[in-house]
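Structure record follows, encoded as structure tokens.
2 protein chains.
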Amino acid sequence: MAFDPASLTFDARGLIPAVAQDHATGEVLMMAWMNAEAVARTIETGRVTYWSRSRQAFWVKGESSGHVQRLIELRIDCDRDCLLLLIEQEGPACHTNRRSCFYTALREGEERIVLDPMV
Amino acid sequence: MAFDPASLTFDARGLIPAVAQDHATGEVLMMAWMNAEAVARTIETGRVTYWSRSRQAFWVKGESSGHVQRLIELRIDCDRDCLLLLIEQEGPACHTNRRSCFYTALREGEERIVLDPMV
Chain A
1 MAFDPASLTF DARGLIPAVA QDHATGEVLM MAWMNAEAVA RTIETGRVTY WSRSRQAFWV
61 KGESSGHVQR LIELRIDCDR DCLLLLIEQE GPACHTNRRS CFYTALREGE ERIVLDPMV
Chain B
1 MAFDPASLTF DARGLIPAVA QDHATGEVLM MAWMNAEAVA RTIETGRVTY WSRSRQAFWV
61 KGESSGHVQR LIELRIDCDR DCLLLLIEQE GPACHTNRRS CFYTALREGE ERIVLDPMV
């Protein structure tokens, strides 16, 4: 049976969280949100497309920056309410120009920046 | 300055998504939710503690199953609205007895189970 994005479990806003992971290195790069249409577009085009909550619009990742995400494989969790995107990331995933958005670590009770922006 | 969980960005329900990743293998194991108190308890005890939305109660992962998660490092994303937990996972993370909750892959337009339950 062909996969139907509507079979996923969306929250009250019609959104599902999607975690993007570098398919080759395993690095977790970012988390953002998709609606059913963003899931469908991502699968159809192979270009990861989120739903921007702030802009209330589709967000083709990298459309303006060039830092695109190519979908290698989409995974669904047991509750069908979270997606894991195995991707190929062009350059930085983060708007701060860092490879990953998760660049702040808690160490000895203090926040430490553990990733530098890419040059 | 000591880290204050209240400095994170919580949603309207007072929750923040937390992605658990095996610190050694890089495998993404699950995603669940925390409130500020769950974040504080996780840091204090080193035992990952979520907030169960269905039970509306703290959920010390593995408390009944023994499949505990030990926090190795907590990371915060650029928007401070998502956490990445680098953990040591005892046994399976998923209630289906699989190592990861993300055991369903979309391949050639069909859903495929790509992880077997652990014995």
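The listed protein sequences correspond, in order, to chains A and B. Positions 1 to 119 (full-length UniProt numbering) are the ones given, in order, by the first sequence. Positions 1 to 119 (full-length UniProt numbering) are the ones given, in order, by the second sequence. Glycine included, every Cβ here is placed at the ideal spot set by N, Cα and C. As the structure is a computational prediction, the values presented were derived from the model and not from experiment.
Candidates the options, of which the one nearest residue i by Cα
{"i": "residue 64(B)", "options": "72(B), 84(B), 90(B), 74(B)", "result": "90(B)"}
{"i": "residue 45(A)", "options": "21(A), 101(A), 73(A), 95(A)", "result": "73(A)"}
{"i": "residue 9(A)", "options": "35(A), 50(A), 55(A)", "result": "35(A)"}
{"i": "residue 14(A)", "options": "3(A), 33(A), 113(A)", "result": "33(A)"}
{"i": "residue 12(A)", "options": "108(A), 114(A), 101(A), 81(A)", "result": "81(A)"}
{"i": "residue 31(B)", "options": "37(A), 38(A), 17(A)", "result": "17(A)"}
{"i": "residue 6(A)", "options": "26(A), 37(A), 115(A)", "result": "37(A)"}
Per DSSP, cross-strand counterpart(s) of residue i
{"i": "residue 49(A)", "result": "60(A)"}
{"i": "residue 76(A)", "result": "83(A), 104(B)"}
{"i": "residue 32(B)", "result": "18(B)"}
Local conformation of residue i per DSSP, three classes
{"i": "residue 108(A)", "result": "coil"}
{"i": "residue 70(A)", "result": "strand"}
{"i": "residue 55(B)", "result": "coil"}
{"i": "residue 124(B)", "result": "Outside the modelled stretch of chain B, which goes from 1 to 119, sits residue 124(B), for which no answer is possible."}
{"i": "residue 44(A)", "result": "helix"}
{"i": "residue 93(A)", "result": "coil"}
{"i": "residue 37(B)", "result": "helix"}
{"i": "residue 24(A)", "result": "coil"}
{"i": "residue 12(A)", "result": "coil"}
Cutoff 8 Å; reference residue i; Cβ partners in own chain excluding five residues on either side
{"i": "residue 118(A)", "result": "91, 92, 97, 98, 99"}
{"i": "residue 111(B)", "result": "104, 105"}
{"i": "residue 87(B)", "result": "20, 21, 22, 23, 29, 48, 69, 70, 71, 72"}
{"i": "residue 77(A)", "result": "83, 84"}
Own chain partners of residue i with C-beta closer than 6 Å, once the 5 adjacent residues on each side are dropped
{"i": "residue 75(A)", "result": "84"}
{"i": "residue 41(A)", "result": "49"}
Neighbourhood of residue i by C-beta distance below 7 Å, restricted to the same chain and skipping five residues each side
{"i": "residue 52(B)", "result": "59"}
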